[in-house]
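These notes concern the structure reproduced below.
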Amino acid sequence: MPLTDARPSPRILFGPGRLAELPDCLASLGSTHALIVTDPGISAAGHVARATSYLTAAGFRVTVFEGTQVNPTESDIDACRDFAKTVHPDILIGLGGGSSMDTAKGCNFLLHNPGRMSDYKGYGLAGKAMLPFIAIPTTAGTGSECQSYAIVSRDGTHEKMACGDSKALAHTAILDPELTASQPQSVATLTALDALSHALESAVCTHRNAISSAYSNQAFLLISSAIRDILIGKADLETRGRMLHGAALAGSAIENSMLGAAHAAANPLTARFHVPHGLAVTMMLPQVVRLNHSALDISLIYQNLTRHLDSPLIDWLEKTIQVANLSKPEIPITAIPELAEAACQQWTGRFNPVPLDQASFTALYQKALAS
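Position one of the sequence shown corresponds to residue 720 (the numbering used here), numbered consecutively onward.
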């Protein structure tokens, strides 16, 4: 009987208009002063003003930090922490995409714990309490709202570090699909493909279990039903809702299991060549699925996961990616040895159901860059 270490999910408020319930969330926690961590684009879309108006009308004090950067670094987290220490909030709200939520979580690590984010790479290393945290995604992709990890890039090397702690998990995640309507199409495309990769990798990783499988199966069902309309820019509110809900459930699947080789191979592409994460993982995912399909038990999981589709997984996956009409970045073949070496050092690769060494990653990169 396999051992299972299940982690709780945040309270999820899903549905159009649920942002209006934000004041009730603060009241239930006894909070009075919220720090909203976001970025200028989210402010320009009007989401910060809406959240602030709900809170101030209910008598709460609100301060806004708009300094979130894409793929936040240790220095970016330090800046948010330094700002937070000057305003003394009693609750943090991450409003935006994965970077905003990661910045808020990272800030929460450092408000009452010493050091920098690199000191918390791994899990459970923060000894002191953290503030309550509410996650409000405006993109449907990372699933960060349901994870206790902050993904932060190390200063200098841009190595992606997963810094996790049960205290960093959001108390509540508000999934309001109305907030995702403002996404640029390019963002909607890459975040949707990222969510798809989360459902597929968590479903077969070596840490999968009955709980994570329930999340990943439902996540894939929702994501696969919505993704093509998302990719062609024809999604209505219901479709955006399915994608948003699916992305969150995929985040819960990761929280209760792990990822795999597609993410291990994607991270060096982002660190070395600044390939957006969603694009990098999409480049690698078909090759990893093919590799994993060679294991009979994994092939059976894929078959069960995709039984509602009209074609085998790899065919469906490649057709779906083609719909996205992505522009592949120019990566020199000479960089493959360096990329493969870096991929071997990635934590997520250890949980791939088919073990990989540097030669295996080299072959994956060669196929991905040639296709």
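Glycine included, every Cβ here is placed at the ideal spot set by N, Cα and C.
Quiz item: What three-state label does DSSP hand H752 in the structure shown?
Solution: Counted from its first residue, the sequence shown places residue 752 at position 33. Strand, per DSSP.
Secondary structure of A889, DSSP reduced to three states:
Here the question's residue 889 lines up with position 170 in the sequence shown. Correct three-state label for A889: coil.
Exercise. With DSSP collapsed to three states, give me the class of I1050.
Key: Within the sequence shown, the letter at position 331 stands for residue 1050. In the structure shown, I1050 sits in coil (DSSP, three-state: anything other than H, G, I, E or B).
inquiry  = Please tell me whether D758 and S837 are closer than 7 angstroms, where the distance is taken between their beta carbons.
reply    = Start at 1 with the first residue of the sequence shown, and residue 758 comes out as number 39. Start at 1 with the first residue of the sequence shown, and residue 837 comes out as number 118. Not closer than 7 angstroms, so no.
Exercise. Within this structure, are the beta carbons of S976 and H926 separated by less than 7 angstroms?
Worked result: Translated into the one-based positions of the sequence shown, residue 976 becomes position 257. Translated into the one-based positions of the sequence shown, residue 926 becomes position 207. Yes.
**Prompt:** Roughly how far, in whole angstroms, is the beta-carbon of P1005 from the beta-carbon of I1033, given that I think they are within contact range, below 8 angstroms?
**Reply:** Start at 1 with the first residue of the sequence shown, and residue 1005 comes out as number 286. Start at 1 with the first residue of the sequence shown, and residue 1033 comes out as number 314. Sure, about 6 angstroms apart at Cβ, within 8 angstroms.
message = Buried or exposed, going by whether 16 or more other CB atoms sit within 10 Å of the CB of A1078?
response = Along the sequence shown, read from residue 1 onward, the residue named residue 1078 stands at position 359. Classification of A1078: exposed, given that the 10 Å Cβ count is below 16.
- In terms of DSSP beta bridges, what is Y842 paired with? Position 123 of the sequence shown, counted from the start, is the residue given in the question as residue 842. Note: Y842 sits in a beta bridge opposite G883.
- Message: For the beta strand (DSSP E) containing V871, name the first residue and the last one.
- Response: Position 152 of the sequence shown holds residue 871. Unbroken beta strand (DSSP E) run through V871: Y868 to S872.
> Fully enclosed by the segment 939-965, which beta strand (DSSP E) runs are 3 residues long or longer?
Replying inline: none
- Indicate whether the contact test is met: 3 or more Cβ pairs, each with one atom in the segment 777-796 and one in the segment 740-758, closer than 8 angstroms. yes
Q. So T1001 is in the alpha helix (DSSP H); what residue range does that whole segment cover?
A. Taking the sequence shown and counting its residues from 1, one reaches residue 1001 at position 282. Here the alpha helix (DSSP H) through T1001 covers H996 to H1012.
Task: Beta-carbon spacing of L888, S905 below 7 angstroms - done: Taking the sequence shown and counting its residues from 1, one reaches residue 888 at position 169. Taking the sequence shown and counting its residues from 1, one reaches residue 905 at position 186. Taking 7 angstroms as the Cβ cut-off, L888 and S905 do not qualify as a contacting pair.
| message | Tell me the rounded alpha-carbon separation between K804 and F828. | response | Looking up residue 804 in the sequence shown gives position 85. Looking up residue 828 in the sequence shown gives position 109. Those two C-alpha atoms are separated by around 12 angstroms.
Query raised in the report: E793 to L1088, Cα distance in whole Å?
Result: Against the sequence shown, residue 793 aligns to sequence position 74. Against the sequence shown, residue 1088 aligns to sequence position 369. When rounded, the distance between both Cα atoms is 31 angstroms.
ask   = Which class does R835 belong to by DSSP, given the choice of helix, strand or coil?
value = Taking the first residue of the sequence shown as 1, we reach residue 835 at position 116. Correct three-state label for R835: coil.
- How about A854 and D884: are their beta carbons less than 7 angstroms apart? The residue you call residue 854 lines up with position 135 of the sequence shown. The residue you call residue 884 lines up with position 165 of the sequence shown. It is not a contact, given that the beta carbons lie outside the stated cut-off.
Check your understanding: Would the beta-carbon of F920 fall within 7 angstroms of that of A999?
Key -> Within the sequence shown, residue 920 is the residue found at index 201, counting from 1. Within the sequence shown, residue 999 is the residue found at index 280, counting from 1. Rather than Phe, the amino acid found at residue 920 in this sequence is Glu. For E920 and A999, no; Cβs fall outside 7 angstroms.
CB-CB under 6 angstroms to P856, same chain, minus the five flanking residues each way: which ones, in chain order?
Taking the first residue of the sequence shown as position 1, residue 856 is located at position 137. E864, listed in sequence order.
Using 8 angstroms as the cut-off, can you tell me whether the segment 1061-1068 makes contact with the segment 978-998, which would need three or more C-beta pairs spanning the two stretches below that distance?
yes
message: To the nearest angstrom, how far is the alpha carbon of P742 from that of S762?
response: If you number the sequence shown from 1, residue 742 lands on position 23. If you number the sequence shown from 1, residue 762 lands on position 43. Cα to Cα, the separation comes out at about 19 angstroms.
Three-way DSSP call (helix, strand, coil) for F733 in this model: Looking up residue 733 in the sequence shown gives position 14. F733: strand per DSSP, three-state reduction.
Cutoff 8 angstroms; reference G736; Cβ partners in own chain excluding five residues on either side:
One-based indexing of the sequence shown puts residue 736 at position 17. Counting only Cβ-Cβ distances below 8 angstroms, and skipping sequence neighbours, we find D895 and E897.
- With a Cβ-Cβ cutoff of 7 angstroms, do L963 and T899 count as a contact? Position 244 of the sequence shown holds residue 963. Position 180 of the sequence shown holds residue 899. Closer than 7 angstroms, so yes.
Which first and last residues belong to the alpha helix (DSSP H) in which R769 is found?
Counting from one through the sequence shown, the residue named residue 769 turns up at place 50. It spans H766 to A776 - the alpha helix (DSSP H) in which R769 sits, taken as one unbroken run.
Q: Answer yes or no: the CB of L814 versus the heavy atoms of the ligand MG, is any distance below 6 angstroms?
A: No copy of the ligand MG appears in this structure; indeed no ligand is present at all.
>> For C826 and D955, what's the separation of their Cα atoms in angstroms?
In response: Counting from one through the sequence shown, the residue named residue 826 turns up at place 107. Counting from one through the sequence shown, the residue named residue 955 turns up at place 236. Approximately 35 angstroms between the Cα atoms of the pair.
message = In the DSSP assignment, the beta strand (DSSP E) including P759 goes from what residue to what residue?
response = Against the sequence shown, residue 759 aligns to sequence position 40. From DSSP, P759 is part of no beta strand (DSSP E) but of the alpha helix (DSSP H) over P759 to A763.
Point to revise | Minimum C-alpha distance to T1081 - residue among S750, M1003, T876 and L909 | key: As a working mapping, residue 1081 is identified with position 362 in the sequence shown. T1081 has its Cα closest to that of M1003, out of S750, M1003, T876 and L909.
| task | Please list, in chain order, all residues of the same chain as H1012 whose beta carbon is under 6 angstroms from its beta carbon, the five residues on each side excluded. | result | Counting from one through the sequence shown, the residue named residue 1012 turns up at place 293. Once the five neighbours on either side are set aside, the close Cβ partners of H1012 are S1018.
Next on the checklist: With H, G and I counted as helix, E and B as strand and the rest as coil, what does DSSP make of V781?
Outcome noted: Translated into positions along the sequence shown, residue 781 becomes position 62. V781 falls in the strand class under three-state DSSP.
| field | Alpha-carbon to alpha-carbon, L1075 and T1025 | value | Stepping through the sequence shown from its first residue, residue 1025 is reached at position 306. Stepping through the sequence shown from its first residue, residue 1075 is reached at position 356. Going from the Cα of T1025 to the Cα of L1075 covers about 25 angstroms.
One question on the structure: do G862 and A969 come within less than 7 angstroms of each other, judged by their Cβ atoms?
For this step, residue 862 is matched to residue 143 along the sequence shown. For this step, residue 969 is matched to residue 250 along the sequence shown. For G862 and A969, yes; Cβs fall inside 7 angstroms.
Please state whether the Cβ-Cβ distance between A881 and I870 is less than 7 angstroms. In the sequence shown, residue 881 corresponds to position 162, counting from 1. In the sequence shown, residue 870 corresponds to position 151, counting from 1. Contact flag set, yes.
Check your understanding: Should T1001 and I1050 be called a contact, given that it needs their Cβ atoms to be closer than 7 angstroms?
Key -> Taking the first residue of the sequence shown as position 1, residue 1001 is located at position 282. Taking the first residue of the sequence shown as position 1, residue 1050 is located at position 331. Not closer than 7 angstroms, so no.
Practice problem: Could you spell out where the alpha helix (DSSP H) holding A854 opens and where it closes? | Solution: Along the sequence shown, read from residue 1 onward, the residue named residue 854 stands at position 135. Premise fails: A854 lies in the beta strand (DSSP E), F852 to P856, not in any alpha helix (DSSP H).
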